[in-house]
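Everything below concerns the one structure shown next.
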Amino acid sequence: MQNNSRQITSNQAGPHPRLSETVRKHCTTSLRSPISEHTAAAFDQATSWLQARADRPLMLDSGCGTGMSTGLLAARYADANIIGIDRSIHRLQKTTAVDNSLAEIADNACLLQAELVDFWRLALAAGWQLQRHTILYPNPYPKSAHMQRRWHGHGVFPTLLKLGGEIELRSNWRLYLEEFSTAVSEYNMIETGGQRNRELGSNDAIASGSPIELIPAEEPISLFEKKYRDSGQPLYRLVIQR
Ligand SMILES: C[S@@+](CC[C@H](N)C(=O)[O-])C[C@H]1O[C@@H](n2cnc3c(N)ncnc32)[C@H](O)[C@@H]1O
Numbered sequence: 000m001q002n003n004s005r006q007i008t009s010n011q012a013g014p015h016p017r018l019s020e021t022v023r024k025h026c027t028t029s030l031r032s033p034i035s036e037h038t039a040a041a042f043d044q045a046t047s048w049l050q051a052r053a054d055r056p057l058m059l060d061s062g063c064g065t066g067m068s069t070g071l072l073a074a075r076y077a078d079a080n081i082i083g084i085d086r087s088i089h090r091l092q093k094t095t096a097v098d099n100s101l102a103e104i105a106d107n108a109c110l111l112q113a114e115l116v117d118f119w120r121l122a123l124a125a126g127w128q129l130q131r132h133t134i135l136y137p138n139p140y141p142k143s144a145h146m147q148r149r150w151h152g153h154g155v156f157p158t159l160l161k162l163g164g165e166i167e168l169r170s171n172w173r174l175y176l177e178e179f180s181t182a183v184s185e186y187n188m189i190e191t192g193g194q195r196n197r198e199l200g201s202n203d204a205i206a207s208g209s210p211i212e213l214i215p216a217e218e219p220i221s222l223f224e225k226k227y228r229d230s231g232q233p234l235y236r237l238v239i240q241r
């Protein structure tokens with residue numbers, strides 16, 4: 000992998016002006032796109048894998064790429080079961096022979112090829128509740144016109160939050176994390192009826208995640224983290240406690 004990756008450039012100077020409106024819309028409508036067959040099959044495999052294990056806390060490493068982070072998290076949280084999910088068979092196959100099926104990479108971790116938008120909906124419908132959820136270096140979609148492709152601008156955002164747990168996002172684009180944090184506040188406000196208060200003129204937004212932190216120079220947790228670190232980019236972290 001090259002180590003001269005460029006910093007993100009965007010035609011957005013600050014948070015997207017339609018972010019709050021978009022989150023509100025997604026909180027009041029449900030996503031109707033059909034669940035892909037391969038993700039439904041992957042979800043069944045994940046369910047069987049979990050049923051065969053001790054009843055431990057559950058973690059997802061969503062968009063895990065090659066699964067480097069999934070392996071490291073499995074070692075760090077040995078008391079949890081961890082599932083790394085990515086849609087790219089090409090990336091997953093750098094770590095394992097996963098072939099549209101589940102591949103175990105440690106006693107307590109596996110990798111799975113699946114579409115997250117579908118997998119998260121299936122997981123929520125099945126009653127899954129997470130202890131932790133990592134989303135490391137999500138595709139930024141920096142063009143303003145593509146805001147709805149970012150996780151916080153996507154119709155699946157309420158599902159992602161309802162899966163619960165401590166959500167950790169990392170990015171080389173600070174604005175992505177700022178928007179995510181704002182979107183969580185907007186979601187919280189709607190869920191607790193704050194939208195009505197705001198319409199009435201009250202200003203009682205609920206605090207969301209931790210402040211956005213600069214990640215100190217430490218051993219990279221994922222391949223993209225290593226790539227960005229090696230090219231000297233500042234890297235950021237946001238932790239949301241749900
Ligand atoms: C920039 S890479 C980061 C990979 C890894 N987390 C890392 O830090 O090295 C983003 C990853 O998210 C995956 N991804 C993006 N959208 C996805 C989706 N809707 N479903 C599943 N995986 C997705 C991509 O395939 C890609 O591997």
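The sequence shown begins at 0 in numbering that gives the first Met the number 0 and counts up by one.
Cβ coordinates follow ideal geometry from the N, Cα and C atoms, glycine included.
Look up residue i in the DSSP assignment and say whether it is helix, strand or coil.
| i | result |
| --- | --- |
| N275 | Absent from the structure is residue 275, since the part of the chain shown begins at 0 and ends at 241. |
| C109 | strand |
| R75 | helix |
| L162 | coil |
| E167 | strand |
| D85 | strand |
| E190 | helix |
| T65 | coil |
Answer yes or no: do residue i and residue j have a C-beta to C-beta separation smaller than 9 Å?
| i | j | result |
| --- | --- | --- |
| Y235 | N171 | yes |
| L110 | I84 | yes |
| V183 | L30 | no |
| H132 | L174 | no |
| T94 | M58 | no |
| P137 | L168 | yes |
If residue i and residue j are in contact, beta carbons under 8 Å, what's the gap, nearest whole angstrom?
| i | j | result |
| --- | --- | --- |
| A40 | F118 | Contact doesn't hold; Cβ gap of about 11 Å is too wide. |
| G164 | Q130 | 5 Å |
| Y140 | V22 | No, Y140 and V22 are not in contact; Cβ-Cβ is about 16 Å, not under 8 Å. |
When we look at the beta-carbon of residue i and count the other beta-carbons within 10 Å, is it buried (16 or more) or exposed?
| i | result |
| --- | --- |
| I88 | exposed |
| R148 | exposed |
| G27 | Looking at the sequence provided, one finds Thr at residue 27 rather than Gly. Answer is exposed; the Cβ neighbour count stays below 16. |
| D60 | buried |
| G192 | exposed |
| A122 | buried |
| E103 | exposed |
Taking the alpha carbon of residue i as the reference point, which residue from the options has its own alpha carbon closest?
| i | options | result |
| --- | --- | --- |
| E114 | H153, T38, A73, L129 | T38 |
| E20 | S221, M188, A51, E218 | M188 |
| S221 | A53, G70, V22, L30 | G70 |
| H153 | Q240, A105, R86, F179 | F179 |
| V238 | E217, T65, A124, L176 | L176 |
| R8 | S143, R52, I104, R120 | Just to set this straight, residue 8 is Thr in the shown sequence, not Arg. Answer by Cα proximity: S143. |
| P14 | H145, E167, P219, G231 | H145 |
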